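What follows is a single structure, written as C-alpha cells, with notes after it.
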Amino acid sequence: MVLKDYVKGRTVNNKSYAQFNGRSLYDCIDDWTKRWNGYIPEGDPLLDKTQSRMFLNFTRNCLISYLSKTALKAPEPKIIAINKKTGIEDKQFADILKDLNKYSLNEENGDARFLESAIEASVKGTVIKFEGYMRTEQTIDVPTKFDPTTGEIKYKREKKVTFDNCFQKIVPVEDFYIPNPYQIDVQKQPFVIWREITSYQEASLEYGDYPNWDKVPQTAYLLSSEPTTFYRNTLQTELGKDQCEIIKYYNRFKKGTLHAVIVNGVVIYSGPIPFKDGKYPFAVGVFERFGNDFFWGMGFPQKVQGNQDLQNTFLNMMADKTFNSLLPFALSSDLDDFVDDEVLTLGKIRKVGDISKWQIQEWPSVSAGEMDMMQLVMGLGEDDANNVRSAEKQNPKIKGKMTARQALLQNQEMQAKLGFSMSYMEDFERDRTALRLPHILQFYSIPRIEKITGKNGQEVEKLMYREIRLPETTLSNGKQGQKILQLTGKTITNPDKRKQIGDELSQKEAMGYLSGVPTEALNIAVDTFTDYNYSIQIVKKSSYESTSILDQAQRQDFANWRLSLAQIAPIDAPKLVDWVSESYEDFDPDEFKPKQQPPQPGQDQQAQLGQQAPGSQQQPNKQMGAKKLGNLATAL
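Be aware that the sequence shown starts at 49, since it is given in our numbering, and climbs by one per residue.
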C-alpha cells in the first residue's frame, strides 16, 4: 500500500504544470534556487571564451530587503480559550497557553526558525514544516577525579538529556509527496509521504530503540532515479553504506489513522499517528499563490525572472562592448604581412613590409542612449519587484527633516506594499501554532523521570512535572520580569496542601525580587488542559521590523495630539511622560525626575488638622493634593 502511494506521489511531483510555465516542480526549484544563489553556469570554451558571464544579484538583494523587514521576528499568536463546561472565555488560561507556546519556541530559537521558513517559502515558493516532539539522550563520561601529572582519570558514565520538547523541522518541498496537487489544504490530502535520506548514525539516534531496527540493512542498494536540483547537484541513484532512506507515511482516512515508518525497506513502525489531535503533523505555507486551486506556491525568483534575465543580458552586453572598446584592432591590405597575433602586445617589435598599409581601429564605447536604457531596465525591475527600498526612500515632496507623522505614514506605506505576501506567512504560522499547542498539552501532561537527592544524600528517581521559566516576559502587573509555571498532575483540593504550594510559590517570587528580577509564580494542574477549547489568531503585522525610532515617533505623535486637547479633556501628564519614556531603552527616565523635597517641620501636623487661614480655602487643598501625590510616588 505504501509503495503504491509512494509511486503515485512521485508521479505528481514529476508532472509538468502550466503554473510552472510547463515545467515540473523539480525544474522550478532548480531554477529558483540558482537565481537565489546567483549561479553562473559554465560557458562553452569555444563560443563564450571572450564573453562576459556576470550575474547581477537583483533577486537575492530584493529578497534580503523583504526578509529583513518582515521575517526577523516570528508573528505573535493570539490565543482564545473557551471553557467547555461554562462556555465562557478564560483569559487566564489563554495567557497560560501563550506562555507555554513561547517557552517551547524559546527552546529552539523560534525567531530563527521562522526566518528559515520565510527563506524557504520565498525561494522555493512553498515551505513545509514538520511539527513533532523529540527527546534525545546522550551517554557521557563525567570526570570525578583527574591527576594532571600522571594523566590518570576517574569518571562515571551518565545519561544526559540533550533535548526534550516540541520542535519544528523544514521538510524539503521536493521530498514531500501528495496525491492531489489541486487541494491546497494539506489536512484534506488522502495521504502524505515524507522521504528523507540521512546517515545511518542519525537514523539510529531517532529509531535505534524501535523493535525492528536490528533488521535494517546497512548496505548500499540502488534507488530509483531522482531528479537533480541545485542543492542536490548530482543525480542520486545509489545509497551509500552509511546512509538510510526513511519513508514516513501518514494517512488520516483509513480506519482510524495510519502512520508507517520504513527504513531501507524495513517497516519499523506501523500504527496510529502518535498525536492526539489526529492531524497530519505538517504545516504548509507559500510566498504567493498561483491561484486558489494549486497546492504549491510561486517563488519570488519567478516573479522577477524576466527582469533578472533582462538585467543580466544588458549588463553583459555593455560590459563586452566596453571591454572591446578598450582593445583596438589592426587592419592591413598587405598580404605579405601575415600576422596571426590576436592581440597587439605593448613593447613587442613586429616587422611589417609597408606601415602605410596598416590601420588601427577601435570599437565604439557605450553610448549615452544605451546607459539610459540600462537605467530604465533597472528601474523597471525595482518597480515590478515592489522592492521595499523604494518605500525607504524619503518622499521627494518632503523638504528638510522628516516629522514623526511623516515617518509613520511612510512606514505604513511600506507595510501595505509587503502585506499581500506576508499574509500568507501569517496564515502559515497560525496553522503551525495550531499543531504545536495540542502537542504541548499532550506531552507536557506526561511526567518525566528525574533523579533527585533523597535521604542520606542518595539519588532516587521520581516522577516530576516540568517547571517552566520564562525570562524577560510581561507579568500580570504589566512589568517586565520572570514568570514561573509549575505544572502538577491533579487539581489540589486539600486546603493544607494548597497553602503549602502557595507558600512555595511566594518563596520563589521573593527570591526573584531579592535578586533584582520581578517574579511571578503560578501553579497549573495538567488535568485541566482538557477542560478548554481554543482557537488561534495571528496579530497582523506583528513580525514586521519594529525599531525604537518608529516606536518613539508613534508615541511622540500621540502625546502631541493628546496634550493639544488637554484643555478640553484633562490628562495625567506625568503618566503620559512615563509612557513616552518607555520607548527610550538606552536611558533611565528616573534620572530626569526632580528629587522629592523633605517636608517642612510641622507641615504634616497642619495637613492632618486641616488648619488654614480664614478666607483661603483653595491653597491648602492644593497642598494636600501635592502631599497625596508625593506619598503615592513614594509608594510606587
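Every residue, glycine too, gets a C-beta built ideally from N, C-alpha and C. No experiment lies behind these values; they were computed from the predicted model shown.
Just tell me which of the options has its CA closest to the CA of residue i.
i: Q359; options: F343, Q555, Q423 and R517; result: Q423
i: V190; options: P495, G180 and K202; result: K202
i: D551; options: N571, L562, T541 and T536; result: N571
i: D223; options: A607, V60 and K405; result: V60
i: T107; options: T576, K588, G86 and L120; result: G86
i: D368; options: F491, V414 and D475; result: V414
i: W627; options: T536, V264 and G526; result: G526
i: Y328; options: L483, N157, V400 and W80; result: L483
i: K263; options: G180, Y151 and G313; result: G313
i: A416; options: T370, E430 and V334; result: T370
i: M366; options: T567, D420 and V221; result: D420
i: F335; options: N542, V171 and A621; result: V171
i: P227; options: V240, E164, D579 and L111; result: V240
i: R514; options: A558, E557 and S152; result: S152
i: Y632; options: D620, E557, D78 and A601; result: A601
i: G333; options: R243, T210, K177 and A569; result: K177
i: W242; options: G57, G345 and G91; result: G57
i: G304; options: N109, Y582, I321 and G427; result: I321
i: T567; options: A573, P412 and M559; result: M559
i: L148; options: D620, P519 and L611; result: P519
If we cut at 8 Å on Cβ distances, does residue i have a partner in chain C?
i: Q585; result: Included in the structure is just one protein chain, with no chain C present.
Note down, in chain order, each residue of its chain lying with its Cβ closer than 7 Å to the Cβ of residue i, except the 5 sequence neighbours on either side.
i: D479; result: A331
i: G663; result: Its pLDDT being 46, under 50, G663 is placed unreliably by the model, and the measurement read from it follows with that caveat. Around G663: no qualifying Cβ.
i: D290; result: S247 and Y248
i: K82; result: F278
i: T576; result: T539
i: Q356; result: R83, F106 and T107
i: E206; result: I188 and V190
i: R71; result: S64
i: Q237; result: I226, P227, N228 and Q231
Specify the secondary structure class of residue i as computed by DSSP and reduced to three states.
i: I408; result: strand
i: G180; result: strand
i: G529; result: strand
i: L677; result: Confidence at L677 is low in this model, with a pLDDT of 33, below 50, so the placement of that residue should be treated as unreliable; the coordinate-derived value is given next. DSSP places L677 in helix when its eight states are reduced to three.
i: M421; result: helix
i: E222; result: helix
i: Q266; result: coil
i: S247; result: strand
i: Y65; result: strand
i: V240; result: strand
i: Y632; result: coil
i: P668; result: Reliability of the predicted coordinates at P668 is poor, the pLDDT of 42 falling under 50, and the value obtained from them is presented with this limitation in mind. DSSP places P668 in helix when its eight states are reduced to three.
i: Y279; result: coil
i: E206; result: strand
i: D257; result: coil
i: P618; result: coil
i: S583; result: strand
i: V400; result: coil
i: K52; result: helix
i: P486; result: helix
i: M470; result: helix
i: F211; result: strand
i: M102; result: coil
i: Q660; result: For Q660, the predicted structure reports a pLDDT of 48, less than 50, and the residue's modelled location is therefore unreliable. The matter cannot be settled from this model.
For the alpha helix (DSSP H) containing residue i, list its first residue and its last residue.
i: G550; result: P543 to L562
i: F160; result: First, the amino acid is wrong: residue 160 is Ala here, not Phe. Taken as a continuous stretch (DSSP letters only), the alpha helix (DSSP H) holding A160 covers G158 to K172.
i: N149; result: K139 to N154
i: T521; result: Here T521 belongs to no alpha helix (DSSP H); instead the beta strand (DSSP E) covers E515 to T522.
i: T81; result: L73 to W84
Could you name the residues of the same chain whose beta carbon sits closer than 6 Å to that of residue i, not counting the 5 residues immediately before and after it, in chain order?
i: L306; result: N299
i: E156; result: F215
i: F377; result: Q409
i: R183; result: D212
i: V565; result: G529 and Q530
Please go through the same chain and pick out, in chain order, the residues whose beta-carbon is closer than 8 Å to the beta-carbon of residue i, but skip the five residues on each side of it.
i: A661; result: Note that A661 scores a pLDDT of 46, beneath 50, so its modelled location is shaky and nothing firm can be said.
i: F103; result: G86, Y87, I88 and N360
i: V315; result: N260, A308 and V309
i: L163; result: L115, A119 and L120
Where do the ends of the beta strand (DSSP E) carrying residue i lie?
i: M379; result: Rather than Met, the amino acid found at residue 379 in this sequence is Leu. Taken as a continuous stretch (DSSP letters only), the beta strand (DSSP E) holding L379 covers F377 to S380.
i: T198; result: No beta strand (DSSP E) contains T198, which DSSP labels as neither H nor E.
i: S571; result: In the sequence on display, residue 571 carries Asn and not Ser. It spans T567 to A573 - the beta strand (DSSP E) in which N571 sits, taken as one unbroken run.
Should residue i be listed as close to the ligand MN, given that the test is whether its C-beta is under 7 Å from any heavy atom?
i: A573; result: What this structure holds is no ligand at all, so the ligand MN is not there to describe.
>> For a minimum of 4 consecutive residues, which ranges assigned as the alpha helix (DSSP H) are wholly contained in the segment 293-355?
In response: 348-351
>> Could you tell me which whole beta strand (DSSP E) segments of length 3 or greater appear in the segment 111-140?
In response: 125-131
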